[in-house]
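Residue numbering for the sequence shown follows the numbering used here, starting at 96 and increasing by one per position.
Below: one structure, written as structure tokens.
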Amino acid sequence: MWKLRVCEFLAPFTTFLVGFFLLTFLLWLILAEVYSSILFGIILLLCLSFVWWLISPMVIESCFEVRWIDKESDPLLWNLVEEESKKAEVRVRKVGIVDFESPNALTYGHMAWLSKMVFSRGLILSLNASEMRTVIAHELGHIKHGDMTIITPLVALLTVYYKIAESYIRSRLERRRSPIHQLVLAAFAYIFFLLTYPQTGLLSRVREEYADEFSVRQTRDPSHLISSLIKVSRGCALRPMDKSRVEGSPLRCLMFIDPTTAISEVEEVEDLLSSRWGIDVERLTAFLGFPRGRTSEEYGFHVFENFRSHPDLSHRLEHIIKVGKESKMPIVVGLTRVG
């Protein structure tokens, strides 16, 4: 858990430093006095950070339209979340469904007791109840470990960078003349993204590993967590232009699986599943396996998608199998005994 704690400190601290130097520089240009600029920069940044922490869930929700459910509208999903949250001793304030065909899930919130868990329509249609339970437990792991409250405002900040840059790129693609201030803002957005994303991405990759481990230990069902990861990865790869990737790109650090990673590593994952563990993807998913024959460049990946937000799927599967073996849990995926 120490790796997670280090990343939980490093990511917001680095972002704070970037903001501090920017504000101090701007104040120095105005006040022409170093010590006053530093003092006011710290005070102003602390106030802005607090406000941003409060509104960050609303910034996240600006990227998608969610339909909030209750026990009456979807009793099965609600009961699964309720049962697992009681076992984990955490509270989920709201459960929602977003109209993405690509399977995925995310959990966000600026406080643990105000957490919100959202599932895509594609996820609910792709997984059975046992697999959904392991995904829910995985998401609850983020609340239990406390990383959700730290990464939510960081992802919200990345969302702002993304939207600023996207508006400029969209105007260029539509051959509209962009005002100079839009170009300057887009340039600053790219710079701040490059300065802050590496630490946020590192936190995201580390926290996914611990959440997978939490899911295995809580549900004692590594088999269905493995099959859910495979199915979700396959589902994302089959829908490369789904809204979850195109419109929800800045939210990748919050998702169960990064759609971009699922697309880019599609062939090596299927080969690994077959050669190393003997898992028949076609039989497991009841579809045509993973799509082949196209490169990631053909899907138009932009600069924000060139940075990984999740560990490789093979790494996650190996870690789950390791945890399952250590706990002496049988691991059977499809008709194949893995561990």
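Note that CB positions come from ideal geometry on N, CA and C, so glycine has one too.
>> Just to confirm, is the Cβ distance from L290 to R411 under 8 Å?
In response: No, the Cβ-Cβ distance between L290 and R411 is not below 8 Å.
> Is the beta carbon of C331 sitting closer than 8 Å to the one on P170?
Replying inline: C331 places its beta carbon 8 Å or farther from that of P170.
>> What would DSSP say about V187, mapped onto helix, strand or coil?
In response: Coil at V187, not helix or strand.
>> Can you tell me whether A127 is helix, strand or coil according to DSSP?
In response: DSSP places A127 in coil when its eight states are reduced to three.
> Do L99 and A183 come within 8 Å of each other at the CB atom, strictly closer than that value?
Replying inline: Contact: no.
> Buried or exposed: I275, going by 16 or more other Cβ atoms within 10 Å of its Cβ?
Replying inline: Here I275 is exposed, its C-beta having fewer than 16 other C-beta atoms within 10 Å.
> Relative to the C-alpha of W123, which residue among S369, S328, L112 and G136 is closest?
Replying inline: Comparing Cα positions, the closest option is G136.
> Can you tell me whether M336 is buried or exposed, with buried defined as 16 or more other CB within 10 angstroms of its CB?
Replying inline: Exposed, since its Cβ has fewer than 16 Cβ neighbours within 10 Å.
> For I47 versus T247, is the C-beta spacing smaller than 8 Å?
Replying inline: Any question about residue 47 goes unanswered here, given that the chain covers just 96 to 434.
> Would you report the Cα separation of G204 and S132, rounded to the nearest angstrom?
Replying inline: The alpha-carbon atoms of G204 and S132 are separated by roughly 33 Å.
> Taking C-alpha atoms, which residue in R334, L368 and K326 lies nearest to F351?
Replying inline: Comparing Cα positions, the closest option is K326.
>> Could you compute how far the alpha carbon of S144 sits from the alpha carbon of L368?
In response: The C-alpha of L368 is placed about 44 Å away from the C-alpha of S144.
>> On the CB-based measure, 16 or more other CB atoms within 10 Å of its CB, does K211 come out buried or exposed?
In response: Counting Cβ neighbours within 10 Å, K211 comes out buried, since at least 16 surround it.
> How close, in whole Å, do the beta carbons of E303 and H405 come, if the pair is a contact with beta carbons under 8 Å?
Replying inline: Under the criterion of beta carbons closer than 8 Å, E303 and H405 qualify as touching, at roughly 5 Å.
> Can H237 be considered in contact with the ligand NAP, in the sense that its beta carbon sits closer than 7 Å to one or more heavy atoms?
Replying inline: Here there are no bound small molecules, and the ligand NAP is not part of this structure.
> Taking L209 as the reference, which of I219, V185, Q277 and F116 has the closest Cα?
Replying inline: Distance check between L209 and each of I219, V185, Q277 and F116 places V185 closest, using alpha-carbon atoms only.
> Based on Cα-Cα distance, which residue from G296, V176 and E167 lies nearest to F402?
Replying inline: The residue with the shortest Cα to Cα distance from F402 is G296.
> Can you tell me whether K239 is buried or exposed, with buried defined as 16 or more other CB within 10 angstroms of its CB?
Replying inline: It counts as buried.
>> Could you compute how far the alpha carbon of A106 sits from the alpha carbon of M96?
In response: Answer to the nearest angstrom: the Cα atoms are 16 Å apart.
>> Taking 8 Å as the threshold (C-beta atoms), are V213 and L201 in contact?
In response: Result yes, Cβ atoms of L201 and V213 sit closer than 8 Å.
>> Quick check for students: name the residue ranges of the alpha helix (DSSP H) that lie wholly in the stretch 113-171, counting only runs of 4 or more.
In response: Whole alpha helix (DSSP H) segments, 4+ residues: 129-156.
>> Suppose you measure from the CA of M206 to the CA of D165; what does that come to, to the nearest Å?
In response: Cα to Cα, the separation comes out at about 21 Å.
> Does the Cβ-Cβ distance between D242 and E360 come in under 8 Å?
Replying inline: The criterion of a C-beta distance shorter than 8 Å is not satisfied by D242 and E360.
>> What does the alpha-carbon distance come out to for the pair S262 and S225?
In response: Their backbone Cα atoms lie some 41 Å apart in a straight line.
>> Going by C-alpha to C-alpha distance, which of S318, S344 and P354 sits closest to S422?
In response: Ranking the options by Cα distance to S422, first place goes to S318.
> In terms of residue numbering, what span does the alpha helix (DSSP H) encompassing S409 cover?
Replying inline: In the DSSP assignment, S409 falls within the alpha helix (DSSP H) that extends over L408 to E421.
> What whole-angstrom Cβ distance do G114 and L140 have, given they're in contact under 8 Å?
Replying inline: Taking C-beta atoms under 8 Å as the contact rule, G114 and L140 qualify, at a distance of about 5 Å.
>> Nearest by alpha-carbon distance to T119: which of L134, T109 and F108 is it?
In response: Answer by Cα proximity: L134.
> How many whole angstroms separate the CB atoms of R334 and M424, which I take to be in contact at a CB cut-off of 8 Å?
Replying inline: Actually they are not in contact, since the Cβ atoms of R334 and M424 sit about 32 Å apart, beyond 8 Å.
>> Mapping the DSSP letters down to three states, classify I352 as helix, strand or coil.
In response: In this structure, DSSP gives I352 a state outside helix and strand, which the three-state scheme calls coil.
> What residues match up with L297 in a beta bridge as DSSP calls it?
Replying inline: L297 has no beta-bridge partner at all, per DSSP.
> Among residues of its own chain, excluding the 5 on either side of S370, which ones have a beta-carbon nearer than 6 Å to its beta-carbon?
Replying inline: Cβ neighbours of S370 beyond the five flanking positions: none.
>> Can you tell me whether A282 is buried or exposed? The criterion is at least 16 other CB atoms within 10 Å of its CB, across all chains shown.
In response: Looking at its Cβ environment, which holds fewer than 16 other Cβ atoms inside 10 Å, A282 is exposed.
>> Please report the distance separating the alpha-carbon of D194 from that of F159.
In response: For D194 and F159, the distance between alpha carbons rounds to 8 Å.
> Under the DSSP definition of a beta bridge, which residues are partnered with K211?
Replying inline: BP columns for K211 point to K189 and Y203.
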